[in-house]
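K.L.:
Structure provided below as structure tokens; questions to follow.
Residue numbers (the numbering used here), protein chains in the order written: chain A, 455 to 545; chain B, 922 to 1343.
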């Protein structure tokens, strides 16, 4: 099913400056894999050498942090927005 | 001219650039905050030998009675440019508190004594001074309250427009003391982590100086001045142990860095060996939990605590704070809302200092770690009290009121108070 991935400013050089990329995916993991397939380079930026999401990369599904759901196995409904957001300091 | 273009013109002779704390990649000085490779936080990289040649204890002593006396160790080229007189706050001996807790020497770094009554003035004076260097016209922040106060005030003083974003459930005291400065105050229907996420996205759209987003590498450096002042006020000595409240973990990390930098530039004779302990509220304790569980993973939480200024469920500098505490041999603890209120009352009753809920967290943690033997009676302990109690008056309003309400005559007084010792 089609979902939208929101790309942060820091990674838009990989998506040809696009702020959003449409991909076909049923889980977050599939969405990020599809992003890599469409725009090579995303994979190594988002995942470390062990294949884990880098610890300063936050991923949200419809405004909820995936760490409160099933992590990268979180299921996606059609039309869902997946956002990649850098961590921000305190206030 | 865009702010980013201006950035390359702003190079201080002691600043080498920005460096990723995670992977070490280096970047030019600019209003950027995350490594474009691994998303790790960027930090200012200094030429410490160059600073060492410029700075001295005498030069600092001859400086202003504010944090700007440490300008040689700060990433700002022209200073002070946005200054309300922040810093050089009192370091107060707390003998009565120490006696109550069975400790030896305890000192309170009373950072309620800043222009907007919290330590956030330290980071904001640096961030907005840097923002002017970059050419920004609008100041902004995501805030749990104290930062909002400070950004609104400093922006007013500097003639900058401001947008501050806060969770809509903040204490009235913090909303009023932000809105009064006349900037835009945007209350978000969500918690701080929601506010933060929105601001990370807004920062990608608007060319504003978000003090804790795109100005963060410079902003965070302001917290080091708490360590600089502590050492200078102790006669260029470091304490044995410090107790620091933790929300994002940035303050704790930077206090430890501050002590190390003083030695690196020759202002301390010996390498500092300061044990660093962290304090969190039980209702938002992702870093303390990782410490206690001896885990290397910090799991985000949904905050539920009266210590709203510490209510960050997804702490950006949590890993660095955890590392600093572990390597220094300190402890990390969390305390209940009831203990927070008792901590506020204990500090007020024994030392005459009224701290906000975050201060209650810090004092209650001091008490807990002292009882556990982590903080020892043979140590000189400095406790960081980072915000004023008037900001969170709701926390103690139910338990603090008149001792008696009486008619205006002697009989009524004598009836209410049986005073033997005239």
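Positions of the beta carbon are idealized from the N, C-alpha and C atoms, including for glycine.
Note that this is a predicted model, so its numbers are computed, not measured.
I'd like to know whether the C-beta atoms of residue 1337(B) and residue 1327(B) end up nearer to each other than 7 Å.
P.N.:
Yes.
K.L.:
Quick one: is residue 1093(B) buried, meaning 16 or more other Cβ sit within 10 Å of its Cβ, or exposed?
P.N.:
By the 10 Å Cβ count, residue 1093(B) comes out exposed.
K.L.:
On the premise that residue 1303(B) lies in contact with residue 1296(B), defined as a C-beta separation below 8 Å, what is that separation, rounded to the nearest angstrom?
P.N.:
About 11 Å separates the two Cβ atoms, so there is no contact after all.
K.L.:
Which ranges does the alpha helix (DSSP H) cover as unbroken runs of at least 4 residues, wholly within the stretch 1037 to 1088 of chain B, from first to last along the chain?
P.N.:
Those alpha helix (DSSP H) runs which fall completely within the stretch 1037 to 1088 of chain B and span 4+ residues are 1041 to 1055, 1067 to 1079.
K.L.:
Measure the CB-CB distance between residue 1022(B) and residue 1288(B) and report whether it falls below 7 Å.
P.N.:
Contact: yes.
K.L.:
Return the residues of the stretch 955 to 981 of chain B that lie within a Cβ-Cβ distance of less than 9 Å from chain A, sorted by chain order.
P.N.:
Residues passing the 9 Å Cβ filter: 955, 956, 957, 958, 959, 960, 961, 962.
K.L.:
For the alpha helix (DSSP H) containing residue 1209(B), list its first residue and its last residue.
P.N.:
Taken as a continuous stretch (DSSP letters only), the alpha helix (DSSP H) holding residue 1209(B) covers 1207 to 1213.
K.L.:
Taking only the alpha-carbon atoms, compute the straight-line gap between residue 1106(B) and residue 1251(B) and give it to the nearest angstrom.
P.N.:
For residue 1106(B) and residue 1251(B), the distance between alpha carbons rounds to 38 Å.
K.L.:
In chain A, what lies closer than 9 Å to residue 1118(B) by C-beta?
P.N.:
Per Cβ cutoff of 9 Å: 512, 514, 517, 519, 537, 539, 542.
K.L.:
Kindly indicate if chain B contains any beta-carbon less than 7 Å away from that of residue 458(A).
P.N.:
Closer than 7 Å: no.
K.L.:
Could you check what DSSP says for residue 476(A) in three-state terms: helix, strand or coil?
P.N.:
DSSP places residue 476(A) in strand when its eight states are reduced to three.
K.L.:
Of the residues 464(A), 510(A), 459(A), 472(A), which one's Cα is nearest the Cα of residue 487(A)?
P.N.:
Taking only the C-alpha atoms, the option nearest residue 487(A) is 459(A).
K.L.:
So, with DSSP's three-state summary, where would you put residue 1138(B)?
P.N.:
The answer is helix: DSSP assigns residue 1138(B) an H, G or I state.
K.L.:
By a C-beta neighbour count over all protein chains shown, 10 Å radius and 16 as the cutoff for buried, is residue 538(A) buried or exposed?
P.N.:
By the neighbour-count rule (16 or more Cβ atoms within 10 Å), residue 538(A) is buried.
K.L.:
Return the residue from the list 973(B), 1078(B), 1171(B), 963(B) that minimises the CA-CA distance to residue 1044(B).
P.N.:
Ranking the options by Cα distance to residue 1044(B), first place goes to 1171(B).
K.L.:
Please state whether DSSP places residue 929(B) in a helix, a strand or coil.
P.N.:
With a pLDDT of 38 at residue 929(B), under the threshold of 50, the predicted position of this residue should be treated as unreliable, though the coordinate-derived value follows. Residue state, collapsed to three classes: coil.
K.L.:
Could you tell me if residue 1387(B) is buried or exposed, where buried requires 16 or more neighbouring beta carbons within 10 angstroms of its beta carbon?
P.N.:
Examination of residue 1387(B) is not possible in this model, given that chain B is present from 922 through 1343 alone.
K.L.:
So who's on the other strand from residue 955(B), going by DSSP bridges?
P.N.:
Answer by DSSP bridge pairing, in chain order: 962(B).
K.L.:
Check whether the Cβ atoms of residue 1219(B) and residue 1167(B) sit closer than 7 Å, and answer yes or no.
P.N.:
Result no, Cβ atoms of residue 1219(B) and residue 1167(B) do not sit closer than 7 Å.
K.L.:
Mind reading off the beta-carbon distance from residue 477(A) to residue 489(A)? Whole number of angstroms is fine, and I expect it under 8 Å.
P.N.:
Between residue 489(A) and residue 477(A) the Cβ distance is about 6 Å, and since that is below 8 Å, they are a contact.
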